[in-house]
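Visitor:
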Amino acid sequence: MVGGDNLYSQWVGWAKILLPLCGLALLSMLFLFARGPNDGTKIPLAQVIDLARDEKLSAPEFSGLTDTGAVVVISARSARPLPDRPDTATIDTLRMQMDNPGGSTLYVTGVTGEIDGRARIARFSGLVRLQTSTGYTMETGGLTVTLDTGTAISDGSLEIRAPMGNLTAGQVTFQFDTSNTGHQMLFTDGVRLIYTPQG
1 MVGGDNLYSQ WVGWAKILLP LCGLALLSML FLFARGPNDG TKIPLAQVID
51 LARDEKLSAP EFSGLTDTGA VVVISARSAR PLPDRPDTAT IDTLRMQMDN
101 PGGSTLYVTG VTGEIDGRAR IARFSGLVRL QTSTGYTMET GGLTVTLDTG
151 TAISDGSLEI RAPMGNLTAG QVTFQFDTSN TGHQMLFTDG VRLIYTPQG
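Numbering (UniProt numbering), first residue to last: 1 to 199.
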C-alpha cells in the first residue's frame, strides 16, 4: 500500500511539472500560428525615407468666403507644396463646393489640380465634373476658379446635361451675381442645344 501511495505521489509531482509546460507550449504554438504568413504590408525602407523627405498633407481642406458672400470649401486626398512656389500646392482627387447666399450650390470634382494661395486661384486639371443645385451637370477638360470673386471658367469645351436638354459649348463661365439670387452661367464659343420637351 505504501508503494502505491508513493507511485501516486510521484505521478502527481510529475503532472504538476509537465501539465503547465504542455499548456505553455500549446499557448506558444497558438500565438505563433495566429500571426500567419507575411501579408506584404511592410513598407520598404526606401519608401519610408521618401515619405519622411516628402512634404505632404493628407486629406486637407481649404475654405473661405468670396466677395459676394459665397462659401467655398475645397477638399482633397492629398496636397503638397511646390518647391519653387511655396504659396502653391498641388492637390489630388479634389472636390469643391461653393454655396451662394441665395441658396444655389456649385459642386466640382477633379482628378488633379493646384491652389495658388498668393493669387487666390484654384485650378482643376484633367477630367472635371460640375454639378449645380439647379439641375445642370457638365464635364470639361479643366477649370479655373478665382476664389476672391467665386468666378469659375472652363479651360475648354464641355458637354452639358440641363433640365431643358443637352448642350455643347466651347466655354462656360460661372459667376455669382451681386443680388445673391443665384449663380449665372454664361455659355460661349459655339453653343448648341438639343431641346428635350418636358412631359
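Backbone N, C-alpha and C fix where the C-beta goes; we use that ideal spot for every residue, glycine too.
This structure is a prediction, so every number in the text was calculated from the model and none was measured.
Grouping DSSP H, G and I as helix and E and B as strand, with all else coil, what is Asn166?
Guide: Looking at Asn166 - three-state DSSP - the assignment turns out to be strand.
Visitor: Along the chain, where does the beta strand (DSSP E) that runs through Tyr195 open and close?
Guide: Taken as a continuous stretch (DSSP letters only), the beta strand (DSSP E) holding Tyr195 covers Arg192 to Tyr195.
Visitor: Taking the beta carbon of Thr90 as the centre, do at least 16 other beta carbons fall within 10 Å, making it buried, or is it exposed?
Guide: Buried, since its Cβ has 16 or more Cβ neighbours within 10 Å.
Visitor: Drop a sphere of 10 angstroms on the beta-carbon of Leu167, count the other beta-carbons inside from all chains shown, and report buried for 16 or more, exposed for fewer.
Guide: Result: buried.
Visitor: In three-state DSSP terms, what is Pro101?
Guide: Pro101: coil per DSSP, three-state reduction.
Visitor: Give me whichever residues DSSP pairs with Tyr107 in a beta bridge.
Guide: Paired residues: Gln97 and Gln131.
Visitor: Pick out whichever of Pro20, Gln97 and Thr109 has its Cα sitting closest to the Cα of Gly126.
Guide: Gly126 has its Cα closest to that of Thr109, out of Pro20, Gln97 and Thr109.
Visitor: Suppose the cutoff is 8 Å on Cβ atoms and the five residues either side in sequence are ignored; what does the same chain contact list for Ile194 look like?
Guide: These residues qualify, in order along the chain: Gly165, Asn166 and Leu167.
Visitor: How is Gly126 classed by DSSP in three states: helix, strand or coil?
Guide: Reduced to three states, the DSSP call for Gly126 is strand.
Visitor: Taking the CB atoms as reference points, tell me whether Gln131 and Thr140 lie closer together than 8 Å.
Guide: Not a contact, by the Cβ cut-off of 8 Å.
Visitor: Report the residue from Pro20, Leu18, Asn6 and Thr149 whose alpha carbon sits nearest the alpha carbon of Asp67.
Guide: Nearest of Pro20, Leu18, Asn6 and Thr149 to Asp67, Cα basis: Thr149.
Visitor: DSSP puts Glu55 in a beta bridge; with which residues?
Guide: Paired residues: none, contrary to the question.
Visitor: Relative to the ligand ADP, is the shortest distance from any of its heavy atoms to the C-beta of Arg85 smaller than 7 Å?
Guide: Absent from the structure shown: the ligand ADP. Ligands present: none.
Visitor: What do you reckon, are the CB atoms on Leu147 and Arg118 nearer than 8 Å?
Guide: Cβ atoms of Leu147 and Arg118: not closer than 8 Å.
Visitor: I'd like the span of the beta strand (DSSP E) that includes Ser157, first residue to last.
Guide: No beta strand (DSSP E) contains Ser157, which DSSP labels as neither H nor E.
Visitor: When you compare the CB positions of Leu94 and Ser63, do they come within less than 8 Å of one another, or not?
Guide: Not closer than 8 Å, so no.
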